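Novice: Dropping a structure here in structure tokens format, bear with me for questions.
Numbering (our numbering), first residue to last: 1 to 336.
Now the structure itself:
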């Protein structure tokens, strides 16, 4: 399957998920629900709901049974985006104003809270409506709440790294993104398995492993895009993460792999923000590119992708399994 084909499939499911989500975010006060759906209305790949649905389908389940969980994880994802933007004081996301910038801080905090609480409501109330047994709903709530806890722990760890004068080790960083990012991907696939009628505990374990490894792979590539990504595609300045002082995987690799003048060029603009000139930023990005960090990061992402694929290799060939495999390849190869 070509990249264009997986993108087309993602778009198709995104429409279904968006419609379901927007119906669930109708209520009063009207402005609160408008704020909660603000980022959702800007679009997006909906990769996480896609993984819920395809995990369910691979085990013989249907889109109908997977939809409540698929919508729930997207609400959790958007909850993290709203609160991340507040913590980072960002003004733009997906080419539009962030929720707190558009609606004000108090309503943005409440919008995030609504997204969080609604995610569990979708699993319980809507899960029952599509025939998911109470025992599986209980398991789904437990899985999602554990993932949310890990996300918060990972975010807090990342904040600690940002405020420290020291750099984390590569392994410490991987452990952090295993919580902050990969926990949600893991629970996507676990909830997909639990949505299928004939799942086993082994299925949940295998798909959880698939999701967690894909999540780490996703974040590694995301980090790379933050350093060497094309501004025309990302909407952010080249070398943005270096200038912002983000201690991400490619930057850690670059600092571990360089000495002397080259290392100084990276450190010169690390966290410099508005003090860094465009020529200094370009030079730092060039140093990182010249020492092969792009290749190294993508190779590491592929290792996690391969571990993910091993987790589902024992399942029979099906359209759903192929979609999961192709989505894994899409995650590693993407430039946005």
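In this text, a Cβ means the ideal position worked out from N, Cα and C, and glycines have one as well.
What you are looking at is a predicted structure, and each value in this text was computed from that prediction instead of being measured.
#1: Is DSSP giving residue 132 helix, strand or coil here?
#2: Determine the DSSP secondary structure at residue 200, reduced to helix, strand or coil.
#3: I want to know whether the segment 70 to 83 touches the segment 34 to 53 - three or more CB-CB distances under 8 angstroms.
#4: Which of the three DSSP states is assigned to residue 41 in this structure?
#5: Taking the alpha carbon of residue 301 as the reference point, which residue from 240, 277, 329 and 323 has its own alpha carbon closest?
#6: Over the uninterrupted alpha helix (DSSP H) stretch that includes residue 88, give me the two end residues.
#7: To which residues does DSSP link residue 96 through a beta bridge?
#8: Alpha carbon to alpha carbon, how far is residue 178 from residue 50?
#9: Give me, in chain order, the residues of the same chain whose beta-carbon lies closer than 6 angstroms to that of residue 199; leave out the 5 immediate sequence neighbours on both sides.
#10: Helix, strand or coil for residue 270, going by three-state DSSP, please let me know.
#11: For residue 122, I'd like the list of residues in its chain whose CB is within less than 8 angstroms of its CB, leaving aside the five on either flank, ordered along the chain.
#12: Between residue 269 and residue 280, is the Cβ-Cβ spacing less than 8 angstroms?
#13: Should the segment 144 to 161 be regarded as contacting the segment 96 to 112, the criterion being three or more beta carbon pairs within less than 8 angstroms?
#14: Between the alpha carbons of residue 313 and residue 186, how many angstroms are there, rounded?
#15: Please determine, among 139, 332 and 155, the residue with the shortest C-alpha to C-alpha distance to residue 389.
#16: Could you work out which residue in 101, 61 and 274 is closest to residue 130 when comparing CA atoms only?
#17: In three-state terms, what does DSSP make of residue 315?
#18: Do residue 216 and residue 159 have their C-beta atoms within less than 8 angstroms of each other?
#19: With distance defined between alpha-carbon atoms, name the residue in 157, 240, 153 and 11 nearest to residue 275.
#20: Do you know whose CA, among 259, 53, 322 and 248, lies nearest residue 157's CA?
#21: Can you tell me where the alpha helix (DSSP H) with residue 257 in it begins and where it stops?
Specialist: With the structure as the only source:
#1: As a first step, residue 132 must be located in the chain shown, where it is residue number 132. Residue state, collapsed to three classes: coil.
#2: Indexing the chain shown from 1 puts residue 200 at position 200. For residue 200, the three-state secondary structure derived from DSSP is coil.
#3: With three or more CB-CB distances shorter than 8 angstroms, the segment 70 to 83 counts as touching the segment 34 to 53.
#4: As a working mapping, residue 41 is identified with position 41 in the chain shown. In the structure shown, residue 41 sits in a helix (DSSP, three-state: H, G or I).
#5: On the chain shown, position 301 is the one that residue 301 refers to. Nearest of 240, 277, 329 and 323 to residue 301, Cα basis: 329.
#6: The residue labelled residue 88 in the question sits at position 88 within the chain shown. That run of the alpha helix (DSSP H) goes 63 to 88.
#7: Counted from its first residue, the chain shown places residue 96 at position 96. Residue 96 has 93 as its beta-bridge partners, per DSSP.
#8: What you label residue 178 is simply residue 178 of the chain shown in a count that begins at 1. What you label residue 50 is simply residue 50 of the chain shown in a count that begins at 1. Taking the straight line from one Cα to the other gives about 20 angstroms.
#9: In the chain shown, residue 199 corresponds to position 199, counting from 1. Cβ within range, chain order: 59 and 193.
#10: Against the chain shown, residue 270 aligns to sequence position 270. The answer is coil: DSSP assigns residue 270 none of H, G, I, E or B.
#11: Counting from one through the chain shown, the residue named residue 122 turns up at place 122. Shown here for residue 122: same chain residues with a beta carbon closer than 8 angstroms to its own, the five before and five after excluded, namely 24, 68, 69, 71, 72 and 75 in chain order.
#12: Locating residue 269 in the chain shown gives position 269, counting from the first residue. Locating residue 280 in the chain shown gives position 280, counting from the first residue. Yes. Within cutoff.
#13: The segment 144 to 161 is not in contact with the segment 96 to 112.
#14: Within the chain shown, the letter at position 313 stands for residue 313. Within the chain shown, the letter at position 186 stands for residue 186. Cα to Cα, residue 313 sits roughly 17 angstroms from residue 186.
#15: This structure cannot speak to residue 389, because the chain is shown only from 1 to 336.
#16: Residue mapping note: residue 130 aligns to position 130 of the chain shown, counting from 1. When 101, 61 and 274 are compared, the shortest CA-CA separation from residue 130 is found for 61.
#17: The residue given as residue 315 occupies position 315 in the chain shown. Three-state result, residue 315: coil.
#18: Taking the chain shown and counting its residues from 1, one reaches residue 216 at position 216. Taking the chain shown and counting its residues from 1, one reaches residue 159 at position 159. No. Outside cutoff.
#19: Indexing the chain shown from 1 puts residue 275 at position 275. Of the candidates 157, 240, 153 and 11, the one whose C-alpha sits nearest the C-alpha of residue 275 is 240.
#20: Against the chain shown, residue 157 aligns to sequence position 157. Among 259, 53, 322 and 248, the Cα nearest to that of residue 157 belongs to 248.
#21: Taking the chain shown and counting its residues from 1, one reaches residue 257 at position 257. For residue 257, the enclosing alpha helix (DSSP H) begins and ends at 249 to 257.
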